[in-house]
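Enquirer: Numbering-wise, my numbering comes out as the position in the sequence shown, counting from 1, plus 76.
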Amino acid sequence: MTNNLIILPVMLQFTLAIVLLFFCKRIAAQKIISIAGSIVAVVIAVGLFRQVYEKSILTMQAGNWKAPFGITFVADTFSTTMILLASLSALAVAVFSTVSIKRARMKFGYFPSFHFLIMGLNGAFLTGDIFNLYVWFEVIIISSFVFITLGGKKVQIEGAVKYFTLNFLASMIFLTAIAVLYGLAGSLNMADLSGKIQTIKNQGVVQVIAILFLVGFGIKSAIFPLYFWLPDSYHTPQAAISSIFAGLLTKVGIYALLRVFSLVFIPDDFMKTLVVILGGLTLFSGGLGALVQTNMRKMFSYMIVCHIGYMIGGIGMFTAAALSGAVFYLIHDIIVKTNLFLAGGLIYKINGEVNMKRMGSMYEQYPALSLLVAVPLFSLIGVPPLSGFWPKINLMSESFVTGNYYLLGCIIFGSFITLFVITRFWSEVFWKKREALARKPYIRYFDQMSRSQKTFLITPIVFLSIISLYIGLGAENIFRLSNHIAAELVDTSTYIDAVLGAATTNVTP
77 MTNNLIILPV MLQFTLAIVL LFFCKRIAAQ KIISIAGSIV AVVIAVGLFR QVYEKSILTM
137 QAGNWKAPFG ITFVADTFST TMILLASLSA LAVAVFSTVS IKRARMKFGY FPSFHFLIMG
197 LNGAFLTGDI FNLYVWFEVI IISSFVFITL GGKKVQIEGA VKYFTLNFLA SMIFLTAIAV
257 LYGLAGSLNM ADLSGKIQTI KNQGVVQVIA ILFLVGFGIK SAIFPLYFWL PDSYHTPQAA
317 ISSIFAGLLT KVGIYALLRV FSLVFIPDDF MKTLVVILGG LTLFSGGLGA LVQTNMRKMF
377 SYMIVCHIGY MIGGIGMFTA AALSGAVFYL IHDIIVKTNL FLAGGLIYKI NGEVNMKRMG
437 SMYEQYPALS LLVAVPLFSL IGVPPLSGFW PKINLMSESF VTGNYYLLGC IIFGSFITLF
497 VITRFWSEVF WKKREALARK PYIRYFDQMS RSQKTFLITP IVFLSIISLY IGLGAENIFR
557 LSNHIAAELV DTSTYIDAVL GAATTNVTP
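(1) Can you check which of these residues, Gly199, Asn198 and Thr174, is closest to Ile187 by C-alpha distance?
(2) When you compare each of Leu124, Ser189, Ile498 and Thr157 to Gln620 by their alpha carbons, which one comes out closest?
(3) Which of the three DSSP states, helix, strand or coil, is assigned to Leu302?
(4) Exposed or buried, Ala112, counting other C-beta atoms within 10 Å across all chains shown (16 or more means buried)?
(5) Among Ile353, Lys468 and Phe501, which residue has its Cα nearest to the Cα of Val368?
(6) Per the contact definition of three or more C-beta pairs closer than 8 Å, is the region 488-497 in contact with the region 133-141?
(7) For the beta strand (DSSP E) that contains Phe149, what are its first and last residues?
(8) DSSP state of Gln613, grouped into three classes?
(9) Counting Cβ pairs, one atom from each stretch, are 3 or more of them under 8 Å apart for the region 227-244 and the region 271-286?
(10) With a threshold of 7 Å, establish whether the CB of Leu97 neighbours any heavy atom of the ligand ZN.
(11) Would you tell me roughly how many angstroms separate the C-alpha atoms of Lys374 and Ile353, rounded to the nearest one?
(12) Compute the Euclidean distance between the alpha carbons of Val211 and Ser503, then round it to the nearest angstrom.
(13) Can you have a look at Gly550 and say buried or exposed, based on whether 16 or more other CB atoms are within 10 angstroms of its CB?
(14) If you check the beta carbons only, do Ser165 and Ile320 fall under 8 Å apart?
(15) On the CB-based measure, 16 or more other CB atoms within 10 Å of its CB, does Trp607 come out buried or exposed?
(16) Please classify Thr478: does DSSP put it in a helix, a strand, or coil?
(17) Who are the near neighbours of Glu214 in its chain, counting only those whose CB is closer than 7 Å to its CB and skipping five residues on each side?
(18) Can you grab the Cα-Cα spacing for the pair Leu28 / Asp268, in whole Å?
(19) Which value, in whole angstroms, describes the spacing of the CA atoms of Phe172 and Leu325?
(20) What is the DSSP secondary structure of Asp268, reduced to helix, strand or coil?
(21) Shortest alpha-carbon distance to Tyr310 belongs to which of Ala255, Phe221 and Leu92?
(22) Phe192: which of Ile177, Ile216 and Ile342 sits nearest, CA to CA?
(23) If you count every other CB in all the chains shown that lies within 10 Å of the CB of Phe98, and 16 or more means buried, which is it?
Here's what the structure looks like:
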């Protein structure tokens, strides 16, 4: 019965989405159901994480079809950590959405789409089969496309076209790679492929398939050079939508890269060099993009691209220490990027602007809120001892030890660019005196809100800021977790034994 816990994160989100469809005209009920369901999701995620971390990997074969023939779900430390992070982020966004999303958009299926999106993410984290990973990616794309177009503004449609086109291309490349891989190995179960892929004589074809997976997942992760869709689309929806995109959508691509390249395509020297180069270029190009922005949301979007480079670089080095640093940064980045876009939504509500040049005086007028927003901003920079500092030090150290001086230089460059960009942002928005603007009225949306609305707007930022502070101040615990995950990624024997050896003992969902 314990193994049924694996499917609960997926089934809960599916149930919430279906139930919410019956309350499409009852906004108050939708808000209550979404928040209550998100709290339950966190409880389930905590229980599943503890079960796996303290005991062993859980597997489930749907319909009792033995691996590698059936649909396999696997809950190991890495996947349950991602489920937990996704649940925490989703709870914060659900609360924030109750105030920030307009009622008209809620009537057009905002909350059902939100929970379908989280369902897709959870499914992608838990699947043990590459084809089903593709299926969950499509669920994510469909739900997120609904999100981007919700409201129907011109800038949203333009962003949605770019988003859909590049992600559709990535899906086609992904599906092509799956078809060739199945024709070559006769299996799509990742644990089963781990052994079979090594026995294929034509390793040149295997290398080509690996590159196809790298391109497909790389587009979804927004790595260089096919990242431009992200800053052109993530700034268009409202802050609640952008925050879940920023925190989780690109990270599921990183998760897929880590999973596939640790289980199936073990990187050789050529692949390591290629991924390291791409990681450095992603850091460099994302940083330069953020440097020239005056639009707050676009600047944040380029910061997503820039910081993806840290994780890609860690994957490229592919040592236990580098993977630990990449996983630590992944944990930090999910929370801080979600919080960053929520904080951006709060800043917009206060200033009525996204152009940094037209903002100012926020610290003078709202000192407490400014200090709250400083937590994700300074965590993003990596000011010691906040959460962004520790994985950067880890990745810098490993770059030096492994002789990847190019990557080390790019990491240092990305760190300084982040420091400069966020310092400039703080100066423009918080310290600079705001000038009177004759052409556009100074709209204080925040001041027009009731006390309860302000509470629902601020509480999620406080919640995620506390988690960020824990990640930074409790870095020893996070390093212990990331080291454990990295060890499982380097030595996958436990994962493989759990999937292929437990097939006869699993229960039917």
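We treat Cβ as the ideally placed atom computed from N, Cα and C, and that holds for glycine.
Expert: On the basis of the supplied data:
(1) It is worth fixing the name first, because residue 187 is Phe in this sequence and not Ile. Ranking Gly199, Asn198 and Thr174 by Cα distance to Phe187 puts Thr174 first.
(2) With the chain represented from 77 up to 585, any question about residue 620 goes unanswered, as that position is not in the structure.
(3) coil
(4) exposed
(5) Phe501
(6) no
(7) Thr148 to Ala151
(8) The question about residue 613 has no answer, for the chain in this structure spans 77 to 585.
(9) no
(10) This structure lacks the ligand ZN, and indeed carries no ligand of any kind.
(11) 25 Å
(12) 45 Å
(13) exposed
(14) yes
(15) This structure cannot speak to residue 607, because the chain is shown only from 77 to 585.
(16) coil
(17) Ser247
(18) Residue 28 is absent from the model: the chain starts at 77 and stops at 585.
(19) 18 Å
(20) helix
(21) Phe221
(22) Ile216
(23) exposed
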